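Here's the structure, in structure tokens; my notes come after.
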């Protein structure tokens, strides 16, 4: 496994886009988020504890951090589509790799990036709490950090899935952005919930992990009492794990049968 990771590292260490996207992911979010939390703590007064105090602060951090994961999804797509563009998958197989080894070499960075994202969110939440709270309740609500890890896996595996099946970088990124950011999944969710009911749309591939981390305190604000889901977090957790398993299986199957 170490040798596989080492090869993957050599592929990306000189890749400028890798470092640019990683920097855009890791630097702006903590800086901006901490400043926003400080401002909200000063201005929200009576409602500040719904967002800027633990345990809700962990949820607030994980919620906004989820938007940042899209950048890592784009990075994953570039990494896997480069394998097709530069024929490195073919070369790895010629050099003696099995297709299963290639699959592991693609899967391990996904878990590493998901862990990196989770650590960044945890550190950001801790720093923000240090600035505005007394840290006495810092251990409460940390379950959202775990939810954030699963959400990262869900989004990154979805990106890998698209890249593996589409193969072309520009088209893969366009599909990912249209579905994840530009309202593709939101539109499908709206239509399903409206015409089928039962919050079926909440169980779409990415939305299901979003449902584990709703906006904190929204259902407690005046006039927002109807914003809670009819399903509990554990239901969405199980559904997210199922999607993660499905993505891994479909990616594995494609890499086993794909033309080189």
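Residue numbers (the working numbering): 36 to 295. Positions of the beta carbon are idealized from the N, C-alpha and C atoms, including for glycine. Just so it is clear, the structure is predicted and the values come from calculations on it, not from any experiment.
Are the Cβ atoms of residue i and residue j separated by less than 8 Å?
i           : j           : result
residue 108 : residue 183 : no
residue 282 : residue 192 : yes
residue 116 : residue 185 : no
residue 285 : residue 139 : no
residue 103 : residue 151 : no
residue 211 : residue 243 : no
residue 122 : residue 291 : no
Leaving out five residues on either side along the sequence, give the residues of the same chain with a beta carbon under 7 Å from the beta carbon of residue i.
i           : result
residue 89  : 164, 168, 172, 173, 175, 176
residue 239 : 220, 223, 224
residue 94  : 176, 179, 248, 251
residue 160 : 92, 93, 96
residue 289 : 199, 200
residue 73  : 166, 167
residue 273 : none
residue 213 : 219
I need the straight-line Cα distance from residue i to residue j, nearest angstrom please.
i           : j           : result
residue 144 : residue 225 : 33 Å
residue 269 : residue 246 : 10 Å
residue 248 : residue 197 : 24 Å
residue 265 : residue 234 : 8 Å
residue 78  : residue 86  : 12 Å
residue 53  : residue 42  : 15 Å
residue 279 : residue 146 : 11 Å
residue 76  : residue 62  : 22 Å
residue 124 : residue 293 : 10 Å
residue 132 : residue 70  : 48 Å
residue 232 : residue 50  : 46 Å
residue 37  : residue 218 : 39 Å
residue 142 : residue 59  : 23 Å
residue 300 : residue 202 : Lying before the first or after the last residue shown, residue 300 is absent from the chain, which here runs from 36 to 295.
residue 153 : residue 277 : 20 Å
residue 48  : residue 267 : 42 Å
residue 114 : residue 188 : 16 Å
residue 149 : residue 129 : 30 Å
residue 204 : residue 287 : 20 Å
residue 57  : residue 170 : 29 Å
Let me know if residue i comes out buried or exposed under the rule of 16 or more other beta-carbons within 10 Å of its beta-carbon.
i           : result
residue 55  : exposed
residue 208 : buried
residue 261 : Because the pLDDT of residue 261 is 45, which lies under 50, any placement of that residue in the model is unreliable, and the question is left without a value.
residue 120 : exposed
residue 45  : exposed
residue 68  : buried
residue 98  : buried
residue 195 : buried
residue 158 : exposed
residue 258 : Caution applies to residue 258, whose pLDDT of 48 falls short of 50 and renders its modelled position unreliable; the model cannot decide the point.
With a CB to CB cut of under 8 Å and the five nearest residues on each side skipped, what residues in its chain are close to residue i?
i           : result
residue 228 : 234, 235, 236, 237
residue 215 : 105, 108, 190, 193, 241
So, at 6 Å on beta carbons, what are the nonlocal neighbours of residue i in its own chain, with the 5 sequence-adjacent residues on each side left out?
i           : result
residue 127 : 137
- Which runs of the alpha helix (DSSP H) spanning at least 4 residues fall entirely within the stretch 185–239, listed in chain order? 204–215, 219–230
- Task: Return the chain-ordered ranges of every alpha helix (DSSP H) run that is complete within the stretch 108–150 and spans a minimum of 4 residues.
- Result: 123–129
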